[in-house]
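I have placed the structure first, in the form of C-alpha cells, so that the comments after it can refer back to it.
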Amino acid sequence: AQRDGHVDRDLAARANGDAYTEFLRKAKRDISSAGKVTSLHINATFDFEDDRHISCNLPPNVAWQWETWIRDIADVVHLKDMHFLREPRARHFVDRATRVAKETDRPVVYIGTNKELRFSGEHDRTRFEMGLAMQHPRIDAFQLYEAASFTRVDERGMVVGSEEIADLIAKE
Numbered sequence: 004a005q006r007d008g009h010v011d012r013d014l015a016a017r018a019n020g021d022a023y024t025e026f027l028r029k030a031k032r033d034i035s036s037a038g039k040v041t042s043l044h045i046n047a048t049f050d051f052e053d054d055r056h057i058s059c060n061l062p063p064n065v066a067w068q069w070e071t072w073i074r075d076i077a078d079v080v081h082l083k084d085m086h087f088l089r090e091p092r093a094r095h096f097v098d099r100a101t102r103v104a105k106e107t108d109r110p111v112v113y114i115g116t117n118k119e120l121r122f123s124g125e126h127d128r129t130r131f132e133m134g135l136a137m138q139h140p141r142i143d144a145f146q147l148y149e150a151a152s153f154t155r156v157d158e159r160g161m162v163v164g165s166e167e168i169a170d171l172i173a174k175e
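Convert by adding 3 to the 1-based position in the sequence shown; the result is the number in the numbering used here.
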C-alpha cells in the first residue's frame, strides 16, 4: 500500500487486517455449514502497537481486528499468551477481551501457559495466570498449557506430574 510514492505502513496493516478478517468470515461460514463451532485464539500480542521494537511471534504489518473477530466470528474465545505482558497489562487485556466476548455471549477459555517451562521449582507466573483466570468473573474455563514441561516419564516408564503444579491446581 502506497501513498504519494511511499509505503504507508498503516494503510498496509489495515489492508492485511481486512484481508485476514475476510478469510476468517469465510472460514466461519464453512465451519458453520458443517455444523461445527468456530473457536478463535485471541493472542495478547494482537494488542501491541506496531513499533517494530517488540519481539513476538506475529507479523507487525497487520492490524489485528481481534475485537471484530470476537463479536462477529468466534463462537468460543480462547485468550492466550498473557505471559508476554506484565501483570497489570495482562489484567487490562483480559478485562477488555472478556468484556467484548460477553457483550455477544461468547464463552471464554483462558489458556495459561507454563511460562517457567520447568518440572519443579517456583511457578510464579503460572500461579498468577491461574489465579487471574479462576477469579475473573467473565472467564468460563482455564486450560493449563505446556503440559510437557510439568510432566515426565519416570524410571518405571510411568507419566508423573509436577507436585508444585498439582498443589497450585488444588489451591485454585
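Cβ atoms here follow ideal geometry from the backbone N, Cα and C, with glycine treated the same way. From a predicted model like this one, the values you see are computed outputs, not experimental measurements.
Which one of E158, I168, I114, A169 has the shortest CA to CA distance from D143? Reading the sequence shown from its first residue, position 140 is the one you call residue 143. For D143, the closest of E158, I168, I114, A169 by C-alpha to C-alpha distance is I114.
Is L14 near A47, with beta carbons less than 8 Å apart? Position 11 of the sequence shown, counting from 1, holds the residue named residue 14. Position 44 of the sequence shown, counting from 1, holds the residue named residue 47. No, the pair does not count as a contact, with Cβ atoms beyond the cut-off.
Thinking C-alpha only, which one of T71, I34, A37 is nearest Y23? One-based indexing of the sequence shown puts residue 23 at position 20. Ranking the options by Cα distance to Y23, first place goes to T71.
Can you check which of these residues, R159, D170, V80, is closest to V3 by C-alpha distance? The shown model of the chain, from 4 to 175, leaves out residue 3, and the question about it has no answer.
Start and end of the beta strand (DSSP E) containing A104? Counting from 1 along the sequence shown, the entry for residue 104 is found at position 101. Per DSSP, A104 belongs to no beta strand (DSSP E); it is in the alpha helix (DSSP H), 90 to 106.
Return the first residue and the last residue of the alpha helix (DSSP H) that E16 is part of. Taking the sequence shown and counting its residues from 1, one reaches residue 16 at position 13. A quick correction: the sequence has Ala, not Glu, at residue 16. It spans 12 to 36 - the alpha helix (DSSP H) in which A16 sits, taken as one unbroken run.
For S165 and E149, what's the separation of their Cα atoms in angstroms? Here residue 165 refers to the residue found at position 162 of the sequence shown. Here residue 149 refers to the residue found at position 146 of the sequence shown. Approximately 12 Å between the Cα atoms of the pair.
Which residues in the same chain as I76 place their Cβ atom closer than 7 Å to its Cβ, once the five residues preceding and following it in sequence are excluded? On the sequence shown, position 73 is the one that residue 76 refers to. For I76, where only same-chain residues beyond five positions count, the Cβ hits under 7 Å are L27, R28, K31, T41, L43.
Should A169 go down as buried or exposed, given a rule of 16 or more other Cβ atoms within 10 Å for buried? Taking the sequence shown and counting its residues from 1, the one referred to as residue 169 is at position 166. Counting Cβ neighbours within 10 Å, A169 comes out exposed, since fewer than 16 surround it.
Contact defined as beta carbons within less than 8 Å: I believe T101 pairs with V111. What is the distance between those atoms, to the nearest angstrom? Counting from 1 along the sequence shown, the entry for residue 101 is found at position 98. Counting from 1 along the sequence shown, the entry for residue 111 is found at position 108. Beta-carbon to beta-carbon, T101 and V111 are separated by about 5 Å, close enough to satisfy the 8 Å threshold.
Inter-residue Cα distance where the pair is S152 and M133: As a first step, residue 152 is located in the sequence shown; it is residue number 149 there, counting from the start. As a first step, residue 133 is located in the sequence shown; it is residue number 130 there, counting from the start. So the two alpha carbons sit approximately 16 Å from each other.
Does the beta carbon of V103 sit closer than 8 Å to a beta carbon anywhere in chain D? Included in the structure is just one protein chain, with no chain D present.
Answer yes or no: do A66 and G20 have a C-beta to C-beta separation smaller than 8 Å? Position 63 of the sequence shown, counted from the start, is the residue given in the question as residue 66. Position 17 of the sequence shown, counted from the start, is the residue given in the question as residue 20. Remark: C-beta atoms of A66 and G20 approach each other more closely than 8 Å.
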